[in-house]
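Line by line, the protein sequences give chains A and B. Going by numbering that gives the first Met the number 0, the first sequence opens with residue 0, and the numbers climb by one from there. Going by numbering that gives the first Met the number 0, the second sequence opens with residue 0, and the numbers climb by one from there. Structure record follows, encoded as structure tokens.
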Amino acid sequence: MSQNGFKPKILGFLCNWCCYAAADSAGVSRYQYPPNLRTIRVMCTGRLDPTFILRGFVEGADGIFTGG
Amino acid sequence: MPATYFIDPNACLHLQHDTCQICVPVCRSRAIDFTQKPVEKELNVGAVIMSPGFGRVPDEALTKYSYGKHPDVVTSIEFERLLNPSGPFAGNVLCLSDKRHPKKLAFIQCVGSRDLGCNNGYCSSVCCMYAIKEAMVAKEHDPDLDITIYYMDIRTQGKDFDAAQKRAQEQFGIKFVRARVADVMGWNNRLKLTYSTMAGTHSFESYDMVVLSVGLDAPKSARELAEIGDFELNQYDFCKTETFAPLASSKEGVFVAGAFQGPKDIPESVTQSSAAAGIASGLLKKQRGKGIVLKSYPEEKQLAADEEARIGVFVCHCGINISSVVDVPGVDKYLEGMEGVVYHAESLYSCSQDAQETIKQKIKEHNLNRVVVAACSPRTHEPLFQETLKDAGLNRCLFEMVNIRDQCSWVHANEPEEATSKSKDLVRMGVAKARHIQPLAEQTVPVITKALVIGGGVAGMTAAMNIADQGFHCTLIEKNDTLGGNLNRVQHTVKGEKVPELFKQLSAKVKKNKLIDVQTNTELASISGFVGNFHSVLKTAKGKKAEENTIDHGVVIIATGGREHRPEKVLGAPITYSDKILTQQELEIRLAGKGKNRAPKSVVMIQCAGSRGDDLGYCSKICCTNAVKNALKIKEINPDYQVIILYRDIRTYGYAEDAYREAREKGVIFIPYEMDNKPKIETKAKRITVSFFDPILQDEVAVSPELLALSVGIVPEGTETLSKLLKVPVTADDFFLEAHVKLRPVELAVDGVYVCGLAHSPKPLDEVIVQAQAAAAKAAIPLVRGSVSVEPIVSHVDKDLCIGCGICTALCPYQAIQMVKGDDKKPKAETIIASCTACGICASHCPTFAISMGGFTNEQIFSQIKAFGEEKEE
Numbered sequence: 000m001s002q003n004g005f006k007p008k009i010l011g012f013l014c015n016w017c018c019y020a021a022a023d024s025a026g027v028s029r030y031q032y033p034p035n036l037r038t039i040r041v042m043c044t045g046r047l048d049p050t051f052i053l054r055g056f057v058e059g060a061d062g063i064f065t066g067g
Numbered sequence: 000m001p002a003t004y005f006i007d008p009n010a011c012l013h014l015q016h017d018t019c020q021i022c023v024p025v026c027r028s029r030a031i032d033f034t035q036k037p038v039e040k041e042l043n044v045g046a047v048i049m050s051p052g053f054g055r056v057p058d059e060a061l062t063k064y065s066y067g068k069h070p071d072v073v074t075s076i077e078f079e080r081l082l083n084p085s086g087p088f089a090g091n092v093l094c095l096s097d098k099r100h101p102k103k104l105a106f107i108q109c110v111g112s113r114d115l116g117c118n119n120g121y122c123s124s125v126c127c128m129y130a131i132k133e134a135m136v137a138k139e140h141d142p143d144l145d146i147t148i149y150y151m152d153i154r155t156q157g158k159d160f161d162a163a164q165k166r167a168q169e170q171f172g173i174k175f176v177r178a179r180v181a182d183v184m185g186w187n188n189r190l191k192l193t194y195s196t197m198a199g200t201h202s203f204e205s206y207d208m209v210v211l212s213v214g215l216d217a218p219k220s221a222r223e224l225a226e227i228g229d230f231e232l233n234q235y236d237f238c239k240t241e242t243f244a245p246l247a248s249s250k251e252g253v254f255v256a257g258a259f260q261g262p263k264d265i266p267e268s269v270t271q272s273s274a275a276a277g278i279a280s281g282l283l284k285k286q287r288g289k290g291i292v293l294k295s296y297p298e299e300k301q302l303a304a305d306e307e308a309r310i311g312v313f314v315c316h317c318g319i320n321i322s323s324v325v326d327v328p329g330v331d332k333y334l335e336g337m338e339g340v341v342y343h344a345e346s347l348y349s350c351s352q353d354a355q356e357t358i359k360q361k362i363k364e365h366n367l368n369r370v371v372v373a374a375c376s377p378r379t380h381e382p383l384f385q386e387t388l389k390d391a392g393l394n395r396c397l398f399e400m401v402n403i404r405d406q407c408s409w410v411h412a413n414e415p416e417e418a419t420s421k422s423k424d425l426v427r428m429g430v431a432k433a434r435h436i437q438p439l440a441e442q443t444v445p446v447i448t449k450a451l452v453i454g455g456g457v458a459g460m461t462a463a464m465n466i467a468d469q470g471f472h473c474t475l476i477e478k479n480d481t482l483g484g485n486l487n488r489v490q491h492t493v494k495g496e497k498v499p500e501l502f503k504q505l506s507a508k509v510k511k512n513k514l515i516d517v518q519t520n521t522e523l524a525s526i527s528g529f530v531g532n533f534h535s536v537l538k539t540a541k542g543k544k545a546e547e548n549t550i551d552h553g554v555v556i557i558a559t560g561g562r563e564h565r566p567e568k569v570l571g572a573p574i575t576y577s578d579k580i581l582t583q584q585e586l587e588i589r590l591a592g593k594g595k596n597r598a599p600k601s602v603v604m605i606q607c608a609g610s611r612g613d614d615l616g617y618c619s620k621i622c623c624t625n626a627v628k629n630a631l632k633i634k635e636i637n638p639d640y641q642v643i644i645l646y647r648d649i650r651t652y653g654y655a656e657d658a659y660r661e662a663r664e665k666g667v668i669f670i671p672y673e674m675d676n677k678p679k680i681e682t683k684a685k686r687i688t689v690s691f692f693d694p695i696l697q698d699e700v701a702v703s704p705e706l707l708a709l710s711v712g713i714v715p716e717g718t719e720t721l722s723k724l725l726k727v728p729v730t731a732d733d734f735f736l737e738a739h740v741k742l743r744p745v746e747l748a749v750d751g752v753y754v755c756g757l758a759h760s761p762k763p764l765d766e767v768i769v770q771a772q773a774a775a776a777k778a779a780i781p782l783v784r785g786s787v788s789v790e791p792i793v794s795h796v797d798k799d800l801c802i803g804c805g806i807c808t809a810l811c812p813y814q815a816i817q818m819v820k821g822d823d824k825k826p827k828a829e830t831i832i833a834s835c836t837a838c839g840i841c842a843s844h845c846p847t848f849a850i851s852m853g854g855f856t857n858e859q860i861f862s863q864i865k866a867f868g869e870e871k872e873e
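Next up, the structure:
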């Protein structure tokens, strides 16, 4: 992807207890990953209404990431 | 390590040479005051808990492995620091001598432990596991690293520790060599390690780095403390305690917790500290609540429904943690003119005390009604800022946090521009959400100040006693017709203490206590409710009939225990239990009897019978000590009787190591076996033959003992049913799974439910007692408080919109939504706030959008998504 210059905009929904915590510990351990992700913290991915995902695409996301 | 900076008096120029003092004027908070001197204070207290931790093992235990002579010989504590991302090499494992990456690394176990040479006859209990952990972390850093652990016995007896060792071996390729290391010396650029194996061969191997797995010694201050506190120490200078009162020192009212009681790991230290606090709290219950100063807050400012959002944003530098990557002034400038933002500023450390003052001041100055902090993680820092909001008279929910450190500057360290633009996006999304956040009311639920303890063994009885000692009513149910559980069978401890006496005393105390309602032949039939408000149906068998009664209680302690597992096959051979082949517990009962021939003239004991990979995947922790205990008893009856113990690793951790040494001195023969060359058991007619490979003789040996004793493991009892009733998880081995293995070792995932004893994992009597005391201490917390507070982010049902379809009730994993009759007599959903975990499954499935989640409303999330799509022109 980086070869053709495509930088996808990714919207992420992260569960407070697992994925958000994991993203924090990735930081603590200084793991490096691409900076394309913008996140929204939720208390559980069970909170996700399918419309959140559709709305994300409408708003221009190239991909949606749910971590829970 | 202290949470704040402190001055090392040995290095300080001022304290050593009366010069310097540069730190005094440069400290902006004026936190350094050299005029402070130690002062003696006198306190009147009702109980004392000693928790000074552990000390260093003597230097001579280290220097014999060239520690101090060669820089590449380090202690495990130093190695842990090397592995740390904030350590000297930012987490890279490097040789201290020339900063090269080591290719080969060795761990030497039992340095300063199990070593009479330095008067440390005990096993430090934790070193095997921490060495394995450090080795695995080192392999994660550098997968090519070649690691060997030299050990005597691998003592991974803790809960699920064997699984970690297996992973280290199979997944990480870490080598384990059973050998004694004679010495380590410099050899060219490297280190030469000489070791001898059981077969008596000597070999040497070269390494780049050697890690000494140092033991836990008594704290340096032990003797001084003992003198001040007037309590006794044991032969190793740790606090002396008894098996039946593991935390009580010899001085009444003085208790001990943690490594000073004996070497132990984090979960056990945490358990002991809870237990000690609970015991002390029981002693001091008349004083409870006295001397407490409650913090007061200014009256909360009410927001009008249509009040315009006035948002203040603080962008944190976090020292250089954020600002070395992210352009913090740029992010701050980006906020200028953003809708709703009336104030924005940079902050050096937004979590510092002076920053809190600034935030409070700015709230007042600019009449802010929402605060956004762009800094680290809300998981760690949200409560701090919410407290500041409360101090400033704002509802604490009018706060939003944006994570530009853990999830931005730290993970995009090499892409400052991208990281800055991500920070701007995240801040924009945070502000968008902040425009829609609303104050939420603090909610509390009253607690029924009674406990239910399930299981009347030593754990249950101890827990019930401790609950009663704290002044609360307790119902103790036992499914059998008598109390005691395994205490009905255990005869004595390895130290020789008589267990039936403990049992008699404890059960008498329990039965006599007016606050304890003992119900035998009783089981839990069903339970509903939540922390503080449980309703349980108890079923009592009365002859052939069963009677049911309901009780209300605030907390539940599970102490359902475990029993001996009787495997049908041991080491591949089918087993028929008889008076010739029995379990260690049966042998113990027989040895405690009065029969003339109670001790066998010859016995072979087989360790790990059915455990550690056979029927049971785990180590049962107590079987090695029990085997040694029975072996010593046989030797006591007749020193000429022969005892052979076939083992994989002798796990007489802690002070039980003394008994292991005594057993060897008294002629008990210990022979290790390997899983790829297992002993064979044959029974023909009435003759038992055990053949095995003796690694010292290097030959096959066959013996026909009078008796075969099997050291079988422990299985939990009834956890499957109970875990379903209480909706609490169990491990793969069917033991209850604690809420946090290290930090919340007696709490379960469901609030108000606690676990202790064998239902948690196999463990010896003293650990069961401490765990029961800890569970009681934890369970008493909501009972003492009298109410439980609920995070205001729980779900809320708008009854006007609710059509009573019940989808939410069916979906809620926590039974936190119930159907009630609405004002219009139609069914309506209602949140049980104490049970709600704010997961939001109900809200995302509600067909009429009647359910909203505090702090995570549809409106708020949609606004974040919308802001994600907008890019503000700069």
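Glycine included, each C-beta is placed from N, C-alpha and C at the ideal position. Computed from a predicted model, the values in this text were never measured in an experiment.
- Taking a contact to require three or more Cβ pairs closer than 8 Å, the region 527 to 539 of chain B and the region 564 to 580 of chain B do not qualify as touching.
- Taking A:F64 as the centre and dropping the five residues before and after it, the same chain places the C-beta of I9, G11 closer than 6 Å to its C-beta, in chain order.
- Note that the region 110 to 117 of chain B does not touch the region 188 to 207 of chain B; fewer than 3 beta-carbon pairs, one per stretch, sit closer than 8 Å.
- Proximity to B:A815 across B:P499, B:K825, B:V789 peaks at B:V789, based on C-alpha coordinates.
- Look at B:K449 here: in three-state DSSP terms it is strand.
- Using a Cβ-Cβ cut-off of 9 Å, A:T38 is close to N402, Q406, L425, M428 of chain B, given in chain order.
- In this chain, the alpha helix (DSSP H) harbouring B:L764 covers 764 to 784.
- The three-state secondary structure of B:R177, taken from DSSP, is strand.
- The region 367 to 385 of chain B and the region 18 to 32 of chain A touch, with no fewer than 3 CB-CB distances between them shorter than 8 Å.
- With respect to the 8 Å criterion, B:F691 and B:P678 are classified as neighbours on the basis of their beta carbons.
- Secondary structure at B:N548: strand, using DSSP grouped into helix, strand and coil.
- Neighbours of B:A418 across chain A, judged by C-beta separation under 9 Å: P34.
- Interface flag for A:C43 against chain B is set, since a Cβ pair is found closer than 8 Å.
- Counting the other Cβ atoms within 10 Å of the Cβ of B:G456 gives 16 or more, which makes it buried.
- Taking C-beta atoms under 8 Å as the contact rule, B:L282 and B:G252 qualify, at a distance of about 7 Å.
- Rounded to the nearest angstrom, the gap between the Cα atoms of B:C607 and B:D732 is 16 Å.
- The residues V312, V314, V330, Y333, L334, V371, A373, V401, I403, in chain order, have a CB closer than 8 Å to that of B:V426 in the same chain once the five nearest residues on each side in sequence are set aside.
- Within its own chain, the residues whose Cβ lies closer than 7 Å to the Cβ of B:Q584, once the five positions on either side in sequence are excluded, are R488, E563, listed in chain order.
- In the three-state reduction of the DSSP assignment, B:I466 falls in the helix class, which pools H, G and I.
- For B:M208, the three-state secondary structure derived from DSSP is strand.
- The beta carbons of B:L486 and B:F502 sit about 4 Å from each other, so the pair counts as a contact at 8 Å.
- Comparing C-alpha distances from B:C811 to each of B:K777, B:I832, B:Y149, B:S280 shows the shortest one belongs to B:I832.
- Using a CB distance cut-off of 8 Å, A:G4 does not count as an interface residue toward chain B.
- The beta-carbon distance between B:I310 and B:L367, rounded to whole angstroms, is 7 Å. This is short enough to meet the 8 Å contact definition.
- Look at B:Q641 here: in three-state DSSP terms it is strand.
- For the pair of segments examined, the region 120 to 139 of chain B was found to touch the region 651 to 661 of chain B: the number of CB pairs separated by less than 8 Å reaches three.
- For B:K219, same chain residues with a beta-carbon under 8 Å away, outside a window of 5 residues either side, are G54, R55 in chain order.
- DSSP places B:C755 in no beta strand (DSSP E); its state is neither H nor E.
- Secondary structure within the region 681 to 739 of chain B: the beta strand (DSSP E) runs of 3 or more consecutive residues, fully enclosed, are 686 to 693, 698 to 702, 706 to 711, 713 to 715, 737 to 739 (chain order).
- Secondary-structure assignment with DSSP links B:N532 through a beta bridge to B:F529.
- B:S272 sits in a helix when the DSSP states are folded into three classes.
- Boundaries of the beta strand (DSSP E) around B:N402: 398 to 402.
- For A:D61, there are no neighbours in chain B by C-beta distance under 8 Å, as the nearest C-beta there is about 12 Å away.
- In the structure shown, the three-state DSSP call for B:I816 is strand.
- Annotation: B:H411 is outside any alpha helix (DSSP H) and is labelled neither H nor E by DSSP.
- Under the DSSP assignment, B:H343 falls outside any alpha helix (DSSP H), being part of the beta strand (DSSP E) whose first and last residues are 340 to 346.
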